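Below is one structure, written out as C-alpha coordinates; comments come after it.
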Amino acid sequence: MFQPLRKTLIVSTITSMMAFSVFAQSTQVEATVLPEETQNIISAGASVTELLLALNAQHQLVAVDVTSVLPPSLVLPKVGYHRALSAEGLLAMHPDLIIGTDEMGPKPALDQIKQAGVNVEVVDTSASITGLKKRIDQIASLTHTQDNVAALNNKIDAQLHALTANQPSTSDEKKKILFLLIHEGRPANVAGSGTTPDAIISLAGGINPAAKQLNAYKPLSNEAIIEMQPDIILVSDRSYRQLGGPDALLKALPMLAATPAGQNQQFVTIDGHALVGGLGLKSLSEAQRLNEKIYPK
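Going by mature numbering (1 follows the signal peptide of the UniProt record, and there is no 0), the letters in the sequence shown line up with residues -24 to -1, 1 to 273, in that order.
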(Lines of atoms letter the chains of each structure in order from A and count residues from 1; the text may use other names and numbers.)
(Lines give C-alpha, C1' and ligand atoms only; values in the text may rest on other atoms or scores of the structure.)
Protein backbone atom coordinates (compact mmCIF):
# COMPACT_ATOMS: atom_id res chain seq x y z
CA MET A 1 0.00 0.00 0.00
CA PHE A 2 3.02 2.28 0.37
CA GLN A 3 4.43 1.56 -3.16
CA PRO A 4 2.63 4.43 -5.00
CA LEU A 5 3.78 6.93 -2.39
CA ARG A 6 7.41 5.76 -2.75
CA LYS A 7 7.25 6.11 -6.54
CA THR A 8 5.83 9.58 -6.17
CA LEU A 9 8.65 10.60 -3.84
CA ILE A 10 11.31 9.20 -6.19
CA VAL A 11 9.83 10.98 -9.24
CA SER A 12 9.51 14.20 -7.27
CA THR A 13 13.14 14.00 -6.12
CA ILE A 14 14.44 13.34 -9.65
CA THR A 15 12.37 16.21 -11.05
CA SER A 16 13.71 18.57 -8.40
CA MET A 17 17.29 17.53 -9.11
CA MET A 18 16.82 18.06 -12.86
CA ALA A 19 15.29 21.48 -12.27
CA PHE A 20 18.19 22.48 -10.01
CA SER A 21 20.69 21.27 -12.63
CA VAL A 22 19.05 23.35 -15.36
CA PHE A 23 18.95 26.38 -13.04
CA ALA A 24 22.62 25.95 -12.13
CA GLN A 25 23.64 25.67 -15.79
CA SER A 26 21.58 28.76 -16.63
CA THR A 27 23.21 30.68 -13.78
CA GLN A 28 26.69 29.68 -14.95
CA VAL A 29 26.00 30.79 -18.54
CA GLU A 30 24.73 34.18 -17.37
CA ALA A 31 27.71 34.68 -15.07
CA THR A 32 30.22 34.30 -17.93
CA VAL A 33 28.87 37.32 -19.79
CA LEU A 34 28.86 39.67 -16.82
CA PRO A 35 31.76 42.15 -16.52
CA GLU A 36 34.39 41.34 -13.90
CA GLU A 37 33.64 44.63 -12.23
CA THR A 38 30.83 47.09 -12.72
CA GLN A 39 32.02 50.69 -12.43
CA ASN A 40 30.76 54.09 -13.46
CA ILE A 41 33.20 55.66 -15.90
CA ILE A 42 33.37 59.17 -17.36
CA SER A 43 35.43 59.51 -20.53
CA ALA A 44 37.12 62.89 -20.97
CA GLY A 45 38.40 62.76 -24.54
CA ALA A 46 37.40 61.54 -27.99
CA SER A 47 40.39 59.20 -28.28
CA VAL A 48 39.49 57.59 -24.95
CA THR A 49 35.81 57.17 -25.77
CA GLU A 50 36.48 55.53 -29.13
CA LEU A 51 38.66 52.92 -27.43
CA LEU A 52 36.10 52.25 -24.69
CA LEU A 53 33.61 51.54 -27.46
CA ALA A 54 36.07 49.45 -29.48
CA LEU A 55 36.88 47.36 -26.39
CA ASN A 56 33.15 46.82 -25.75
CA ALA A 57 33.22 48.68 -22.42
CA GLN A 58 30.38 51.06 -23.24
CA HIS A 59 28.18 49.50 -20.54
CA GLN A 60 30.48 51.11 -17.95
CA LEU A 61 30.09 54.64 -19.31
CA VAL A 62 27.88 57.12 -17.47
CA ALA A 63 28.99 60.31 -19.29
CA VAL A 64 31.43 61.64 -21.89
CA ASP A 65 32.94 64.99 -22.86
CA VAL A 66 31.69 67.04 -25.81
CA THR A 67 34.50 65.94 -28.17
CA SER A 68 33.40 62.31 -27.90
CA VAL A 69 31.44 60.71 -30.72
CA LEU A 70 28.87 58.08 -29.77
CA PRO A 71 26.79 55.72 -31.92
CA PRO A 72 23.11 56.72 -32.26
CA SER A 73 22.10 53.79 -30.06
CA LEU A 74 24.12 55.09 -27.10
CA VAL A 75 22.82 58.29 -25.49
CA LEU A 76 24.86 59.65 -22.57
CA PRO A 77 25.13 62.97 -20.72
CA LYS A 78 27.88 65.36 -21.85
CA VAL A 79 30.09 66.87 -19.15
CA GLY A 80 31.62 69.72 -21.15
CA TYR A 81 34.93 70.24 -22.89
CA HIS A 82 37.75 68.00 -21.71
CA ARG A 83 40.09 70.96 -21.16
CA ALA A 84 37.52 72.89 -19.10
CA LEU A 85 35.84 70.32 -16.86
CA SER A 86 33.72 71.22 -13.86
CA ALA A 87 34.30 69.19 -10.71
CA GLU A 88 30.69 69.67 -9.62
CA GLY A 89 29.36 68.53 -12.99
CA LEU A 90 31.47 65.39 -13.02
CA LEU A 91 30.79 64.45 -9.39
CA ALA A 92 27.05 64.78 -10.03
CA MET A 93 27.37 61.71 -12.28
CA HIS A 94 28.65 59.65 -9.31
CA PRO A 95 31.65 58.25 -11.18
CA ASP A 96 34.05 55.65 -9.82
CA LEU A 97 36.63 56.41 -12.49
CA ILE A 98 37.45 59.24 -14.91
CA ILE A 99 39.69 58.40 -17.85
CA GLY A 100 41.31 61.13 -19.91
CA THR A 101 44.52 62.32 -21.52
CA ASP A 102 47.08 64.92 -20.53
CA GLU A 103 44.82 67.44 -22.29
CA MET A 104 42.23 66.95 -19.53
CA GLY A 105 41.81 69.78 -17.04
CA PRO A 106 41.90 72.20 -15.37
CA LYS A 107 44.13 70.85 -12.61
CA PRO A 108 42.15 72.39 -9.70
CA ALA A 109 39.02 70.60 -10.89
CA LEU A 110 40.87 67.29 -11.17
CA ASP A 111 42.37 67.76 -7.70
CA GLN A 112 38.89 68.38 -6.26
CA ILE A 113 37.59 65.24 -7.94
CA LYS A 114 40.46 63.16 -6.54
CA GLN A 115 39.84 64.57 -3.06
CA ALA A 116 36.25 63.33 -3.35
CA GLY A 117 37.62 59.80 -3.70
CA VAL A 118 37.21 59.39 -7.46
CA ASN A 119 40.01 57.68 -9.35
CA VAL A 120 41.37 59.84 -12.22
CA GLU A 121 43.50 58.05 -14.80
CA VAL A 122 45.57 59.74 -17.52
CA VAL A 123 46.42 57.50 -20.49
CA ASP A 124 49.14 57.73 -23.13
CA THR A 125 48.70 60.40 -25.82
CA SER A 126 51.73 59.72 -28.00
CA ALA A 127 51.14 60.44 -31.68
CA SER A 128 52.32 57.01 -32.78
CA ILE A 129 51.10 53.46 -33.27
CA THR A 130 53.13 52.43 -30.23
CA GLY A 131 51.35 55.09 -28.18
CA LEU A 132 47.96 53.98 -29.50
CA LYS A 133 48.55 50.35 -28.57
CA LYS A 134 49.81 51.35 -25.13
CA ARG A 135 46.62 53.39 -24.63
CA ILE A 136 44.57 50.37 -25.64
CA ASP A 137 46.35 48.22 -23.04
CA GLN A 138 45.85 50.87 -20.36
CA ILE A 139 42.13 51.27 -21.00
CA ALA A 140 41.61 47.51 -21.31
CA SER A 141 43.26 47.04 -17.91
CA LEU A 142 41.11 49.74 -16.32
CA THR A 143 37.89 48.28 -17.75
CA HIS A 144 38.74 44.56 -17.46
CA THR A 145 38.39 44.06 -21.23
CA GLN A 146 41.82 42.57 -21.94
CA ASP A 147 40.20 39.71 -23.87
CA ASN A 148 39.22 42.19 -26.60
CA VAL A 149 42.69 43.68 -27.13
CA ALA A 150 44.03 41.11 -29.61
CA ALA A 151 41.13 41.53 -32.04
CA LEU A 152 41.44 45.32 -31.93
CA ASN A 153 45.21 45.19 -32.50
CA ASN A 154 44.69 42.83 -35.44
CA LYS A 155 42.30 45.33 -36.99
CA ILE A 156 44.85 48.12 -36.55
CA ASP A 157 47.60 45.98 -38.10
CA ALA A 158 45.37 45.28 -41.11
CA GLN A 159 44.81 49.03 -41.58
CA LEU A 160 48.56 49.66 -41.40
CA HIS A 161 49.20 46.95 -43.99
CA ALA A 162 46.67 48.52 -46.37
CA LEU A 163 48.27 51.95 -45.90
CA THR A 164 51.78 50.64 -46.54
CA ALA A 165 50.66 48.79 -49.66
CA ASN A 166 49.30 51.96 -51.30
CA GLN A 167 52.31 54.29 -51.12
CA PRO A 168 54.95 55.44 -53.60
CA SER A 169 58.17 53.47 -53.46
CA THR A 170 60.44 56.53 -53.36
CA SER A 171 60.30 59.71 -51.31
CA ASP A 172 60.55 61.83 -54.47
CA GLU A 173 57.13 60.55 -55.52
CA LYS A 174 55.49 61.27 -52.18
CA LYS A 175 53.23 64.30 -51.77
CA LYS A 176 54.38 67.14 -49.52
CA ILE A 177 51.52 67.81 -47.13
CA LEU A 178 51.31 70.69 -44.67
CA PHE A 179 48.73 70.84 -41.88
CA LEU A 180 47.58 74.30 -40.82
CA LEU A 181 45.80 74.91 -37.53
CA ILE A 182 43.69 77.97 -38.25
CA HIS A 183 42.14 80.24 -35.62
CA GLU A 184 40.30 83.38 -36.67
CA GLY A 185 42.24 86.55 -35.90
CA ARG A 186 45.52 84.73 -35.25
CA PRO A 187 48.38 83.48 -37.45
CA ALA A 188 48.00 79.90 -38.62
CA ASN A 189 50.03 77.32 -36.71
CA VAL A 190 51.88 74.63 -38.63
CA ALA A 191 51.99 71.04 -37.35
CA GLY A 192 55.57 69.86 -36.87
CA SER A 193 57.01 66.57 -35.70
CA GLY A 194 55.45 64.78 -32.75
CA THR A 195 51.93 65.93 -33.63
CA THR A 196 48.96 63.83 -34.65
CA PRO A 197 48.70 65.52 -38.10
CA ASP A 198 52.37 64.65 -38.71
CA ALA A 199 51.66 61.01 -37.86
CA ILE A 200 48.58 60.96 -40.11
CA ILE A 201 50.55 62.47 -43.00
CA SER A 202 53.31 59.89 -42.58
CA LEU A 203 50.86 56.97 -42.32
CA ALA A 204 49.09 58.17 -45.46
CA GLY A 205 52.36 58.09 -47.38
CA GLY A 206 53.02 61.81 -47.45
CA ILE A 207 55.91 63.96 -46.29
CA ASN A 208 55.46 66.76 -43.79
CA PRO A 209 57.98 69.44 -44.87
CA ALA A 210 57.61 71.17 -41.49
CA ALA A 211 58.71 68.13 -39.49
CA LYS A 212 62.41 68.93 -39.84
CA GLN A 213 61.96 72.52 -38.68
CA LEU A 214 59.31 72.27 -35.97
CA ASN A 215 58.01 70.13 -33.18
CA ALA A 216 54.47 70.63 -31.90
CA TYR A 217 52.32 73.42 -33.38
CA LYS A 218 54.07 76.69 -34.13
CA PRO A 219 53.59 79.67 -36.44
CA LEU A 220 55.88 80.04 -39.45
CA SER A 221 56.65 83.05 -41.58
CA ASN A 222 54.99 83.39 -44.97
CA GLU A 223 58.39 82.96 -46.59
CA ALA A 224 59.03 79.70 -44.75
CA ILE A 225 55.68 78.25 -45.84
CA ILE A 226 56.27 79.29 -49.45
CA GLU A 227 59.75 77.78 -49.38
CA MET A 228 58.30 74.41 -48.36
CA GLN A 229 56.20 74.30 -51.57
CA PRO A 230 53.54 71.92 -50.24
CA ASP A 231 51.50 69.94 -52.77
CA ILE A 232 48.56 69.67 -50.39
CA ILE A 233 47.28 71.80 -47.52
CA LEU A 234 45.51 69.86 -44.78
CA VAL A 235 43.04 71.69 -42.52
CA SER A 236 40.35 70.63 -40.06
CA ASP A 237 36.88 70.36 -41.53
CA ARG A 238 35.60 72.82 -38.93
CA SER A 239 38.12 75.52 -39.91
CA TYR A 240 37.40 74.97 -43.59
CA ARG A 241 33.66 75.36 -43.07
CA GLN A 242 34.12 78.47 -40.95
CA LEU A 243 36.32 80.08 -43.58
CA GLY A 244 33.91 79.23 -46.38
CA GLY A 245 35.86 77.18 -48.91
CA PRO A 246 39.00 77.38 -51.08
CA ASP A 247 38.69 81.01 -52.19
CA ALA A 248 38.18 82.17 -48.62
CA LEU A 249 41.17 80.11 -47.50
CA LEU A 250 43.38 81.74 -50.13
CA LYS A 251 42.10 85.15 -49.11
CA ALA A 252 42.85 84.47 -45.44
CA LEU A 253 46.29 83.00 -46.23
CA PRO A 254 47.39 84.69 -49.48
CA MET A 255 50.92 83.25 -49.34
CA LEU A 256 49.42 79.87 -50.27
CA ALA A 257 48.89 81.20 -53.80
CA ALA A 258 52.67 80.88 -54.26
CA THR A 259 52.60 77.13 -53.52
CA PRO A 260 51.53 74.18 -55.70
CA ALA A 261 48.74 73.47 -53.19
CA GLY A 262 47.31 76.97 -53.54
CA GLN A 263 47.76 77.17 -57.30
CA ASN A 264 45.91 73.88 -57.79
CA GLN A 265 43.54 74.43 -54.85
CA GLN A 266 44.63 71.18 -53.30
CA PHE A 267 42.99 71.71 -49.92
CA VAL A 268 42.00 68.56 -48.04
CA THR A 269 39.94 68.55 -44.86
CA ILE A 270 40.36 66.21 -41.93
CA ASP A 271 37.89 65.36 -39.17
CA GLY A 272 38.86 67.38 -36.10
CA HIS A 273 38.02 64.43 -33.83
CA ALA A 274 41.01 62.62 -35.36
CA LEU A 275 43.36 65.25 -33.91
CA VAL A 276 42.33 65.10 -30.24
CA GLY A 277 44.18 63.07 -27.61
CA GLY A 278 47.01 61.56 -29.63
CA LEU A 279 46.91 59.15 -32.55
CA GLY A 280 43.65 57.21 -32.30
CA LEU A 281 41.35 54.95 -34.27
CA LYS A 282 39.74 57.95 -35.96
CA SER A 283 43.22 59.20 -36.88
CA LEU A 284 43.91 55.88 -38.61
CA SER A 285 40.63 56.09 -40.52
CA GLU A 286 41.48 59.63 -41.64
CA ALA A 287 44.96 58.48 -42.71
CA GLN A 288 43.32 55.82 -44.87
CA ARG A 289 40.95 58.36 -46.40
CA LEU A 290 43.83 60.75 -47.11
CA ASN A 291 45.91 57.94 -48.58
CA GLU A 292 43.15 56.91 -50.99
CA LYS A 293 42.57 60.53 -52.01
CA ILE A 294 46.17 61.44 -52.80
CA TYR A 295 47.16 58.07 -54.27
CA PRO A 296 44.02 56.82 -56.07
CA LYS A 297 44.23 53.21 -57.18
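Each residue gets a CB set at the ideal place from its N, CA and C atoms; glycine is no exception. Fair warning: this is a prediction, and the values are worked out from it, not measured in the lab.
| Item | Value |
| --- | --- |
| Which class does residue 303 belong to by DSSP, given the choice of helix, strand or coil? | The structure shown does not extend to residue 303, since the chain is modelled only from -24 to 273, so the question has no answer here. |
| I need the DSSP call for K151, collapsed to helix, strand or coil. | coil |
| Can you grab the Cα-Cα spacing for the pair D174 / S62, in whole Å? | 32 Å |
| Should the segment 95 to 104 be called in touch with the segment 164 to 180, which here means at least 3 C-beta pairs below 8 Å? | yes |
| If we ignore side chains and look at the alpha-carbon of each, how far apart do K194 and L157 end up? | 9 Å |
| Between the segment 233 to 243 and the segment 197 to 216, are three or more C-beta pairs nearer than 8 Å? | yes |
| Our contact map puts residue 279 next to A180 with C-beta atoms below 8 Å; I'd like the distance itself, whole angstroms only. | No information on residue 279 is available, as it lies outside the stretch -24 to 273 that the chain covers here. |
| Flag this pair as yes or no: are the beta carbons of P71 and N16 separated by less than 8 Å? | yes |
| Just grab the DSSP bridge partners of V45 for me. | BP columns for V45 are empty, so no partner. |
| Once the 5 residues before and after P272 are set aside, which same chain residues still bring their CB inside 8 Å of it? | none |
| Exposed or buried, which one is residue 274 when buried takes at least 16 other CB atoms within 10 Å? | What the structure shows of the chain is the stretch from -24 to 273, and residue 274 is not part of that stretch, so it cannot be assessed. |
| Assign L50 to buried or exposed, taking buried as 16 or more other Cβ atoms, counted over all protein chains shown, within 10 Å of its Cβ. | exposed |
| Which residue or residues does DSSP assign as beta-bridge partners of T39? | At residue 39 the sequence reads Ala, which differs from the Thr that was named. Note: A39 sits in a beta bridge opposite I18. |
| For the candidate residues K152, E160, V40, whose alpha-carbon lies nearest to that of G220? | E160 |
| For Q190 and I246, what's the separation of their Cα atoms in angstroms? | For clarity, residue 190 is Leu in the given sequence; the question names Gln instead. Approximately 21 Å between the Cα atoms of the pair. |
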